[in-house]
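A.B. asks: Under our numbering, think of the first position of the sequence shown as 100, with each following residue one higher.
Note that the Cβ used here is the ideal one computed from N, Cα and C, for glycine as well.
These numbers come from a predicted model, not from an experiment.
Input: one structure, supplied below.
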Amino acid sequence: MKYFDNKTLMQKLNQYFQKTNIIFKTERDIDLIEIFKNISSQFVNIDILETEFSRLFKNFLVLSAWIELDQNTFDTIVEICQEKIDKDILRNSYDSIGYFIAKQWNKFKMEIKTEIKFSILDHILFSFIRKLTENFEGNLIFLQGSCWMQNLLFILQQCNIEYHTELDLIQQALINTLIKKIMELPNDAQIFISNFLICDLFPITKNNDGVNQNVKKFLFNIWEKNQNRKTIQEDEAYLLLTYNMHRIGILNSEQYQKIFFELKNKYMNRETTKKFNNEQPIQDQLLKQAMQENTPDRILDLLKNCENSFKKE
100 MKYFDNKTLM
110 QKLNQYFQKT
120 NIIFKTERDI
130 DLIEIFKNIS
140 SQFVNIDILE
150 TEFSRLFKNF
160 LVLSAWIELD
170 QNTFDTIVEI
180 CQEKIDKDIL
190 RNSYDSIGYF
200 IAKQWNKFKM
210 EIKTEIKFSI
220 LDHILFSFIR
230 KLTENFEGNL
240 IFLQGSCWMQ
250 NLLFILQQCN
260 IEYHTELDLI
270 QQALINTLIK
280 KIMELPNDAQ
290 IFISNFLICD
300 LFPITKNNDG
310 VNQNVKKFLF
320 NIWEKNQNRK
330 TIQEDEAYLL
340 LTYNMHRIGI
350 LNSEQYQKIF
360 FELKNKYMNR
370 ETTKKFNNEQ
380 PIQDQLLKQA
390 MQENTPDRIL
400 DLLKNCENSF
410 KKE
C-alpha cells in the first residue's frame, strides 16, 4: 500500500474504514519514528515532481493517520513535517499532513485511543505563517482547494479552549508581521487570506489581548472598506467574509443579516430585481455573468448556508 498513488490511498482507506472504529496497532519491533526519519532523510527536493521518497513521505502520513500513536511518535512526525515546511520543499504534501492531523484528532475525540496532546501542531502553523510572510505569491495556493489549514486551525482552537494556551512573543510577532504584510497586498488578496486563514486564526489569539485586537481591527477594516462591490466574485468573497466574521464573533447578527438579505435580493429574489435600461433584469445579467465565470452555484449555496445558520440561531 505504501506505493499507491497518494490520492488513491486516501480514497481506499476512507472507503473501507471511514465508518468504522478500526484503529491499527504496530508490532513492538516496528519503529515508526525510525522509518519516517529514514524516508525524510531522502526526501530533500521540492515535491512538485513526485519522487519515490516524496510519495513515501505522503503515504507514511496517510497510513499513520489510522495507527494508534504514542505522544513521542506523534510529536516526532509533526516536528519532521515542520522541518520540511521550514526547508520550503513542500508543495503537494499539505493534503497528506492535513489528513494525518484530522484522522488522529477524530480518533482522539472518539476516545478509542491513547490520549494525545495536539498543542504541538502550532509549530506547523507558525512555520507556514513565516513562509507565507516571506513569499505570499508562492504559498497562497496552499490555502485554497484543501482543508488542511482549516483542520489545523480548528484543532488548535479546541486546544486553546481546553488548555487556555497563550501565544509566545515570537508567535505574537509573527501574526503582527503577517497582518502588516497582508495590508500591503491588493484588496482581493486581503479578503482571500482573511477568509482562508485570518478569521480562523483570530480565536487562537484570544488569550493575547494585544495581537487579538490587532487581528480584529484588521478584519473589521477590510469588511467596512468593501461595502461597495461591483462583481459577483467580490460579492461572493464578501459574503463569505461576513459569514466568517459573524461565526467568530466580530460581527453581530444584525450586521450579518443585513449583508445576507442585500445579496439574497440581488441573486435569489428574481421578482424584486430592477432592470437595466428597460432590458434584461439585473438578476439575469448577474447570472449570465456568473455562468461565464463558474460562480453561481457557489454563491447560491453560500446564501442557502447562511439562511440555514439563521434558523439555527
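1) Report the rounded CA-to-CA distance for Phe116 versus Phe159, giving the unit in angstroms.
2) Give the single residue among Ile331, Glu178 and Lys157 whose Cα lies nearest to the Cα of Tyr102.
3) Please specify which runs of the beta strand (DSSP E), each continuous and at least 3 residues long, are wholly inside the region 273-303, giving them in chain order.
4) Do you know how far the Cα of Asp128 is from the Cα of Phe301?
5) Where does Ile121 sit, in a helix, a strand or coil, going by DSSP?
6) Nearest-angstrom Cα distance between Glu151 and Asn144?
7) From the DSSP output, read off the bridge partner residues of Ile166.
8) Alpha carbon to alpha carbon, what distance is there between His222 and Lys111?
9) Within the same chain, show all residues whose beta-carbon is closer than 6 Å to that of Ser352, passing over the 5 residues directly before and after it, in chain order.
10) Helix or strand or just coil, what does DSSP make of Leu224?
11) What residue from Asp194, Ile274, Glu149 and Glu283 has the CA that sits closest to Arg229's CA?
12) Are there 16 or more other CB atoms within 10 angstroms of the CB of Thr371, so buried, or fewer, so exposed?
13) If you draw a straight line from the alpha carbon of Ile297 to that of Ile240, how long is it in whole angstroms?
14) Could you compute how far the alpha carbon of Gln141 sits from the alpha carbon of Val161?
C.D. replies: Per the coordinate set shown:
1) 17 Å
2) Lys157
3) none
4) 43 Å
5) coil
6) 11 Å
7) Phe123
8) 30 Å
9) none
10) helix
11) Ile274
12) Confidence in Thr371 is poor, its pLDDT being 35 and thus under 50, which makes the residue's placement unreliable; the coordinate value appears in the next sentence. That one is exposed.
13) 15 Å
14) 18 Å
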